[in-house]
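The structure appears right after this line, and notes come after that.
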Amino acid sequence: MIRLADYLNSHNTAVAPCFVCGDSLKVLKTLPADCVDCVITSPPYYMKREYLAGGIGLESTYLEYIDHLLAVTAEIQRVLKPSGSFWLNVGDSYKKKQLLNIPHRIAIRMQDEQQWILRNTVIWDKMKVSMTQSKDSLGNEYEPLFHFVKQRTGYYYDADSVRKKPREARVEHGAVVSATGVSGVRYKRKIELSTELTKQQRESAYKDLENVLERMKKGELSDFRMVIKGANQRVTNGDTARLSGRAKELQEKGYYFLFYNPKGSMISDVWQIIPEDTQGRKLHFASYPEDLVKTPIVLTCPEGGVVLDPFAGTGTTNFVAASLHRKSVGIDLALDYLELAQDRCSMYGLLNDGVLERIEE
Ligand SMILES: C[S@@+](CC[C@H](N)C(=O)[O-])C[C@H]1O[C@@H](n2cnc3c(N)ncnc32)[C@H](O)[C@@H]1O
C-alpha cells in the first residue's frame, strides 16, 4: 500500500488520486506542513443530513459544529503551502425560524482567530430555488464559496486561465471601432467642448487619443475608455486626488485612459452552476458539481500540484483534479463513499491496487 507521505513527496506526474479513509482532523495531523497547493472542500452542513459514517454536522449546537470545523481549518492552514489557496463551500441552516448565518460565522472566525485572508466570497447561483414549504421567507438559490489564502501577496493565481475572451476591435469604413463600439469620435468632441482643459492639455489629449486608436488598429488593444476633465463623466475610484491616483492624473494632466486587459476581463464573483442531480442516488446525496471546482483548480493550483479535499465524499474534487492534470488527496470517514470515488477516478489509474489507505483511531 502506498503511504500518503510517499504520494505527496513523489515527483511522479501520474495523477491518480490518493484516498484515505478516516477522520479528517486525525488524517491531516499525520501530514507534513506546507505539502499541498490547494484545498477545496464542502464539509457537511449543520443539521442537514446524516452520512453513512456520521462525523461532523450533527452537533447539538451550531457553536460546537463551528468549533469542530475550525479545528480542521487550523490543520488545513498548517498543511497548505504559503502560496496555497483554500476554497470552502458551506451552506446555511435555520433553527427555530432563525437563519443562523453559519458560513459567515465560520469565515469571520477564520479571519479573526486564524489569520486567514479572505480574497473573495463567490456566490454560487444554483439557478433554481430550493424546495421550501415556508410561506413567510424566500426560497434559497445560492451558497457561498469562500476563497482564503495564507499570505496577502505572492499566492499562486493564474488569472489568465479564467479570463473571458475579449471581443476584438474592428475597422468600419476605414475607422477603428473598439469591441464595445468606441471609435474615439465622442471623446474628440468632449476634448473640444471641455471648458476646464488648458490649451496644452487639449493638444496632449488629442495626441494621446490618436495613439490609443492606432494601437487598437494594430490589434494591441481591444477596448478603452477615456475620462476628460470638465466633460461631465462618471469618475472611477472617487474623485479626490488624496484617494485615487486617477483623480490626481485628471487634476494634473486633464485626462486619463482605462484600458481593458487584451487577454480578456476577469470573471466575476457570481457563478451560475446547476447543482448535481442527486435524485435516485442511493448512497450519497450531497456531491457538488464538477464546474464548481474546475475554476478554483485552474486558478489556484499549478499543473502537477496537489489538491486536497478533507471531506471528499464521492471524490468530485479528485476527479476534476485528475482531469486537469493535478494530483489529489481525498479524505472521508465513509469507506463506501471513497469506493465510489475510486471507481469514478479509475480511468486515471488506481493507486494502492484499489485498496484505500486507512488511518485508524
Ligand atoms: C457534503 S459531503 C462532501 C461531498 C463531496 N464534495 C462530493 O462531491 O461528493 C461531506 C462529506 O464529509 C464526510 N465527513 C463528515 N465528517 C467527517 C470527518 N470528521 N472526517 C472526514 N469526513 C467526514 C461525510 O462522510 C461526507 O461524505
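Each number in our numbering comes from the position in the sequence shown (counting from 1) with 14 added on.
Here a beta-carbon is modelled for each residue, glycine too, at the ideal position from N, C-alpha and C.
Euclidean distance between Cα positions of residue 328 and residue 123: 28 Å
Any non-hydrogen atom of ligand 1 within 8 Å of residue 167 CB: no
Rounded straight-line distance, which links the Cα of residue 114 to that of residue 315: 32 Å
Beta-carbon contacts of residue 121 that lie in its chain and below 7 Å, excluding the five residues immediately before and after: 132, 160
Residue nearest to residue 54 in terms of C-alpha spacing, selected from 345, 146, 221, 262: 345
Strand pairing of residue 49, partner residues [DSSP]: For residue 49, which the question treats as bridged, DSSP gives no partner whatsoever.
Distance CB(residue 90)-CB(residue 177) smaller than 9 Å: no
CA-to-CA distance, residue 205 to residue 211, given in whole angstroms: 8 Å
Residue 70 beta carbon near ligand 1 (any heavy atom closer than 8 Å): yes
Cβ neighbours of residue 72 in the same chain (closer than 7 Å, five flanking residues each side left out): 61, 64
Residue 349 versus 87, 326, 98, residue with shortest Cα-Cα distance: 326
Minimum C-alpha distance to residue 49 - residue among 365, 340, 319, 360: 319
Residue 341 - containing beta strand (DSSP E), residue span: 341 to 346
Inter-stretch contact at 8 Å, needing at least 3 Cβ pairs: the region 221 to 240 / the region 269 to 279: yes
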